[in-house]
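Undergrad:
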Amino acid sequence: MTMDTNKKLAVFIASAIVLAVLPFVVGSTLGNSWVRTIDFALLYVMLALGLNIVVGFAGLLDLGFIAFYAVGAYSFALLGSPHFDIHLPFYISIPLGAGLAAMFGLLLGTPVLKLKGDYLAIVTLGFGEIIRIFMNNLNAPVNITNGPQGINLIDPIQVGGVSLGKAIEVFGFNLNPVHMYYYVFLFLTVVVVIMVYRLQHSRIGRAWVAMREDSIAAAAMGLNIRNIKLLAFALGALSGGVAGGLFATFQGFISPESFGLLESIMILAMVVLGGMGHIPGVILGAVVLTIAPEILRDVIGPLQMKAFGKMLVDPENARMLLFGVAMVVMMLVRPEGMWPSKRRAAEFKDAKKG
Amino acid sequence: MSILDVKNLQVSYGGIQAVKGIDFHINKGELVTLIGANGAGKTTTLKTLVGMVKIAGGSINFDGKDTTSIATHDFVRNGLVMVPEGRGVFAKLTVEENLQMGGYYRNDRDGIARDIAHVYELFPRLKERYKQLAGTLSGGEQQMVAMGRAIISKPKLLLLDEPSMGLAPLIVEKIFEIIQMVAAEGVTMLLVEQNAKLALQVSQRGYVMESGKISMSGPAKELLDDERVRNAYLGG
Amino acid sequence: MDIFLQQILNGLVLGSIYALIALGYTMVYGIMGLINFAHGEVVMFGAMVTITVVTSLMNAGVGLPGPMLVLVGLLVAIPACMLLGYAIERVAYRPLRGAQRLAPLITAIGLSIVLQQVAILIWGRNYIPFPAILDHETIEIFGATITKLQLGIVALCLLIMVGLLVVVEKTKLGRAMRATSQNPAVASLMGVNVNTIISATFVIGSALGAIAGVMVATNYDQAHYYMGFMIGLKAFTAAVLGGIGNLGGAVAGGILLGIIESLGAGYIGDLTGGFLGSHYQDIFAFAVLIVVLIFRPSGLLGEKMADRA
Amino acid sequence: MSEVLLKIEGINKRFGGLHALSNVSLHINKGEIYGLIGPNGAGKTTMFNVLTGLYTPDEGSFTFDGCDLFRAPPHVVVKSGIARTFQNIRLFHEMTALENVMVGRHIRSRANALGAVLRNKATRDEEAAIEAKAWELLRYVGIEDVAHERAKNLSYGHQRRLEIARALATEPKLLALDEPAAGMNPSETESLKALMEKIRDGGVTVLLIEHDVKLMMGLCDRIAVLDYGKKIAEGVPEVVRKDPKVIEAYLGVAHE
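Protein chains in written order, with this note's numbering: chain A, 7 to 360; chain B, 12 to 247; chain C, 713 to 1021; chain D, 2 to 257.
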């Protein structure tokens, strides 16, 4: 309790104001494509916080997390697009998708409970790939997912008869879809943040940490390790499912390509590089890893043109290369992440010493 | 002439001082025993001698050299060999392969072969089972493997950590016979044991360790008759 | 019946390659207890380097027969991959030994990405064809066909596996490797430099990976920067299937997985009444992996671990 | 005759070829301090792991306070009222002392994920109760002044006490302590002894594994001696101490 209440309140109000006007400031200075990037950053914050429950809190390495995002996205797309010509409103299809994702979480969690570390990582990775393979191929003989072509024309969110998919004018302000979705995403992100924060500081959050630190001692304290693990899987998947639904409606189009292993690794990297188990760190990780590549995309090309007069390295290539190098270097020099919790920072310090 | 000279040795383990400044020495050709209750710091002391645990203070002089900066895998070249607690045989290697591991650092094929043959003479039991996986041997036979392997390493000093641990009384006696046989080969040994009586019976000198310190030392015969040794184990 | 035999033959070819790569995983796992996530990339580099060497030799007008060209390519690719394997261990694993388990896994994933991107830088994003220098002459066995090249692949795999077994079982190095994997502390008391042994393990595994990479490239007539991922994952599955850490298990697991996959691909349509087609081939590996890990985590030939805490 | 709290009969546990426990039977009465001693490797800790559900025994029977706990998983064992500590102290090192004890309350509390997220009144009340109880236990073992320290930064003696407080938080009827005095100096050992007596007098039965026979003699109401996985003696300390089989197990057989 180092900050007094007034200071906290001031910080809170200041950040609320910043977050409220952010899309307009960014939109008018940098252009709406950057607002879109910020929207994606919020989606990734939700995803990373979800994965953080599994990896950061419970200490279970999951390399197939993107599967839950996919389940959420496909549920929304199938329930709100011309593909089956079902058009459920978002407030039904998003919870449905999230619930389905949570069920998949249990489905994956149940058989792999006893696996540890690397084995768990590989099996979850395999699970993610299986889901992707199914999405890619379930277009025949019965067309469910429309295969590699993906699903198009997914319904935008409708609030009180207003579609967020089209620009509108309110009091002379020109509201673009990217602006409107920003507020929807922001709202849900705040909900997810509150949810994970409260979970972390509850009996259940303590149980996760205890299990992560010493599962034998935790079992000896009467913790039902099986249920605690399953809960982590299900709740993580739930957040992933919500983010997936939002992704589908925001993009209006999804295909299996968006749900590859690299995406899983990207989200894991957000959690790890940000600071596993630490909510502010994970948020930072998600924001940095969403925005930095976009900046790089804008910078790498022109920089090369200036320096060498031609493109030596394709920007996409350079971006991924930097990402890989960053992962390696970060693990070697600062394995606790950019903004670790005090607890984790200490763990890593001790590991280095010992 | 002492082959090992330890002065004011201190070792810390995760904040706890396990060894709190001990002095001891071992002369060439001697069999010395270090006894004490569980947790007294005996095993830690041995591990420190072969570089498996870092020393926090004091000095170790082995064969005229300071050994505190030598890597564990170089000790055997210098003539210091340890048989760890639980004997440390490679369970999935055959008896013969285990013995060959004893000669790992040596380059004289013929010499190793001769020494292995010698070990088989000492322990005919091993010769019968040379192709068997060491993990399938009895505790006593495994001890023969561990000791035979150590002989092939040609140690100037052999450290034995709790050779009797977890074995039935009959086998324990067998093991002490083996230790005496190896001592008769002229190998200098430091024996760490919980079974105080047996250990002192086969040794020339002994040290008693209690909570990280050496509380008593002297000729083994004297320690054996000392009422305080008895008390250190069973309480007054 | 000839479809059955055909699928068995196909599976055998595929399985031998899996087995060769699985050996790399299983050796590293046996000695360090870690999955070398970047091993698939070593395989990819082996394929890429060989193709490059062969193509440049051909462009330079060197008039060697096809198999000789491939051999020269291999002779370049093997040391290159050995170096790569050595570097992977030094960069991703050695500094993190004793750290939390997550850390080396993540550096290895990072390194995989780096290696893939480097491959794109060098060779581009497209499939590169294996030059048509090997003839694909087929022979018939009871109505099923197999190319001579494929027969060669199987034979070479078997030869290498036997060679590796001899090294591990009969040489001083092999003995030290086995001793280290069982008890590194005692091995170091015997004078074994554990670091050297670990490096040797990576280097040998990488050499096998290089050879396997070339086999994949010749078998499918092409190579690609991303090829290491799927094949690596399947080979890992094979290693787990056989019992990770067990060399014989890796071989058996590889061949078994290859056959399961081929038979699965051949029959899945019939089995599911046409609902699932042969493009589901890839799920077999994962399904096998999951099933094995759940019901027999120690693999088919692995020993059951005692339940000591 | 005092009431039997824990009754195990003919327990066998093997690890591969090793017969770690052969046919061991123990009866522990309500309200006593019961000691389990034996040389290193005698099977004491294995016995403990069997008692607390970490190992599943091969044969035998195991009833506790009227419940059949044979092969029950750890969380069921704890729920029925057996709590333990570990020989090599297994705290949640990065959690504070207070949080460690709060984890111990897990089995006696019930808020679920939804409650945690909504933070309704029932959850808040329960959370407050958990914290209050944890403070009470820290005071009980005498370490409330380090409540906010991370467990790993505590002194050895404090860690031992914290582990006991954490175990007590599960409201055990039987508290099983695995070598609690290991690595302690004489004055720490003395005050630990006092704590154990206080716990017993508070109505909790205590089962104690110790290597330090001296400590056991003055503290335990009854003692059993294990050697090579077999029970070789049982009874009041004075008798056990003079048993030749016990002396032999500890000092070793003389070499004829």
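Every residue, glycine too, gets a C-beta built ideally from N, C-alpha and C.
How would you write the range of the alpha helix (DSSP H) that residue 800 (chain C) sits in, first residue to last?
TA: Residues 778-800.
Undergrad: Against chain C, does residue 230 (chain A) count as a neighbour if the rule is that its beta carbon must be under 9 Å from one of theirs?
TA: No - not a single Cβ of chain C is within 9 Å of the one on residue 230 (chain A).
Undergrad: Return the CA-CA distance between residue 716 (chain C) and residue 972 (chain C), expressed in angstroms with no decimal places.
TA: Those two C-alpha atoms are separated by around 11 Å.
Undergrad: Measuring only the C-alpha atoms, how far is residue 1020 (chain C) from residue 228 (chain D)?
TA: For residue 1020 (chain C), the predicted model reports a pLDDT of 29, less than 50, meaning its position is unreliable; a value from the coordinates is still stated below. Each residue's alpha carbon lies about 20 Å from the other.
Undergrad: Just list the residues that DSSP pairs residue 246 (chain D) with in beta bridges.
TA: Answer by DSSP bridge pairing: none, since residue 246 (chain D) is not bridged.
Undergrad: Along the alpha helix (DSSP H) that carries residue 61 (chain D), what are the first and last residues, could you check?
TA: Looking at the DSSP string, residue 61 (chain D) is not in any alpha helix (DSSP H); the run it does join, the beta strand (DSSP E), is 60-65.
Undergrad: So, helix, strand or coil for residue 76 (chain B), using DSSP?
TA: Here residue 76 (chain B) sits in strand by DSSP.
Undergrad: I want to verify the contact list: residues of chain E whose CB lies under 9 Å from the CB of residue 888 (chain C), in sequence order.
TA: Structure shown: chain E not included; protein chains present are A, B, C and D.
Undergrad: Considering only C-alpha positions, which residue in the set C:844, C:842, C:861 is nearest to residue 850 (chain C)?
TA: Nearest option by C-alpha distance: C:861.
Undergrad: I need the straight-line Cα distance from residue 33 (chain D) to residue 237 (chain D), nearest angstrom please.
TA: Distance between the alpha carbons of residue 33 (chain D) and residue 237 (chain D) is about 11 Å.
Undergrad: With a floor of 4 residues, list each alpha helix (DSSP H) that falls wholly inside the stretch 85-158 of chain A, ordered by position along the chain.
TA: DSSP runs (the alpha helix (DSSP H)) wholly in the stretch 85-158 of chain A: 96-118, 123-143.
Undergrad: For residue 191 (chain B) and residue 209 (chain B), what's the separation of their Cα atoms in angstroms?
TA: Approximately 11 Å, taken between the alpha carbons.
Undergrad: DSSP on residue 982 (chain C), reduced to helix/strand/coil?
TA: Reduced to three states, the DSSP call for residue 982 (chain C) is helix.
Undergrad: Measuring CB atoms only, is the stretch 30-50 of chain A touching the stretch 212-226 of chain A, in the sense that at least three cross pairs come out at less than 8 Å?
TA: Output reads no: the stretch 212-226 of chain A does not touch the stretch 30-50 of chain A.
Undergrad: Please report the distance separating the alpha-carbon of residue 733 (chain C) from that of residue 794 (chain C).
TA: Near 14 Å, if we compare the C-alpha coordinates of residue 794 (chain C) and residue 733 (chain C).
Undergrad: At which residues does the beta strand (DSSP E) containing residue 26 (chain D) begin and terminate?
TA: Residue 26 (chain D) -> beta strand (DSSP E) spans 19-30.
Undergrad: Hey, out of D:243, D:89, D:198, whose CA is closest to residue 214 (chain D)'s CA?
TA: Ranking D:243, D:89, D:198 by Cα distance to residue 214 (chain D) puts D:243 first.
Undergrad: So residue 134 (chain A) and residue 145 (chain A) are supposed to be a Cβ contact under 8 Å. How far apart are they, rounded?
TA: Rounded, the Cβ-Cβ distance is 20 Å, inconsistent with contact.
Undergrad: Closest to residue 168 (chain D) by CA distance: which of D:10, D:90, D:191 is it?
TA: Taking only the C-alpha atoms, the option nearest residue 168 (chain D) is D:90.
Undergrad: What is the DSSP secondary structure of residue 321 (chain A), reduced to helix, strand or coil?
TA: Of the three classes helix, strand and coil, the one that applies to residue 321 (chain A) here is helix, per DSSP.
Undergrad: Identify the contact partners of residue 129 (chain A) in chain C, using a Cβ-Cβ distance below 7 Å as the criterion.
TA: Going along chain C in sequence order, the residues near residue 129 (chain A) (Cβ under 7 Å) are 1001, 1002, 1005.
Undergrad: If we define contact as Cβ-Cβ less than 9 Å, is residue 994 (chain C) a contact residue for chain A?
TA: So yes, residue 994 (chain C) belongs to the interface.
Undergrad: Put residue 164 (chain B) into one of helix, strand or coil per three-state DSSP.
TA: Residue 164 (chain B): coil per DSSP, three-state reduction.
Undergrad: Do the stretch 65-74 of chain A and the stretch 264-275 of chain A touch if we need at least three Cβ pairs shorter than 8 Å?
TA: The stretch 65-74 of chain A vs the stretch 264-275 of chain A: in contact.
Undergrad: In this structure, how does DSSP classify residue 164 (chain A) when only helix, strand and coil are distinguished?
TA: Residue 164 (chain A) falls in the strand class under three-state DSSP.
Undergrad: Check for me: the beta strand (DSSP E) holding residue 29 (chain B) runs from which residue to which?
TA: That run of the beta strand (DSSP E) goes 27-38.
Undergrad: Report back the beta-carbon spacing between residue 292 (chain A) and residue 280 (chain A) to the nearest angstrom; my notes put them in contact at under 8 Å.
TA: The Cβ separation is near 7 Å, so the contact holds.
Undergrad: Starting from the Cα of residue 31 (chain A), find the closest Cα among A:188, A:209, A:267 and give me that residue.
TA: Checking every option, the nearest Cα to that of residue 31 (chain A) belongs to A:188.
Undergrad: I'd like the span of the alpha helix (DSSP H) that includes residue 307 (chain A), first residue to last.
TA: Per DSSP, residue 307 (chain A) belongs to the alpha helix (DSSP H) from 285-314.
Undergrad: Given a cut-off of 9 Å on the beta-carbon distance, is the pair residue 46 (chain B) and residue 219 (chain B) in contact?
TA: Taking 9 Å as the Cβ cut-off, residue 46 (chain B) and residue 219 (chain B) qualify as a contacting pair.
Undergrad: DSSP three-state call for residue 214 (chain B): helix, strand or coil?
TA: Correct three-state label for residue 214 (chain B): coil.
Undergrad: Nearest-angstrom Cα distance between residue 758 (chain C) and residue 789 (chain C)?
TA: Using only the alpha carbons, I get a separation of about 5 Å.
Undergrad: Can you tell me the Cα-Cα spacing of residue 922 (chain C) and residue 964 (chain C), whole angstroms?
TA: Rounded to whole angstroms, residue 922 (chain C) to residue 964 (chain C) spans 20 Å at the Cα level.
Undergrad: Return the residues of the stretch 190-215 of chain A that lie within a Cβ-Cβ distance of less than 7 Å from chain D, sorted by chain order.
TA: Under the 7 Å Cβ criterion, the stretch 190-215 of chain A contributes 201, 204, 205, 208, 209, 210, 212, 213, 215.
Undergrad: To the nearest angstrom, how far is the alpha carbon of residue 232 (chain D) from that of residue 895 (chain C)?
TA: Between residue 232 (chain D) and residue 895 (chain C), the C-alpha separation is close to 33 Å.
Undergrad: Using only the alpha-carbon positions, how far apart do residue 70 (chain B) and residue 344 (chain A) sit?
TA: If you take the alpha carbons of residue 70 (chain B) and residue 344 (chain A), they lie about 42 Å apart.
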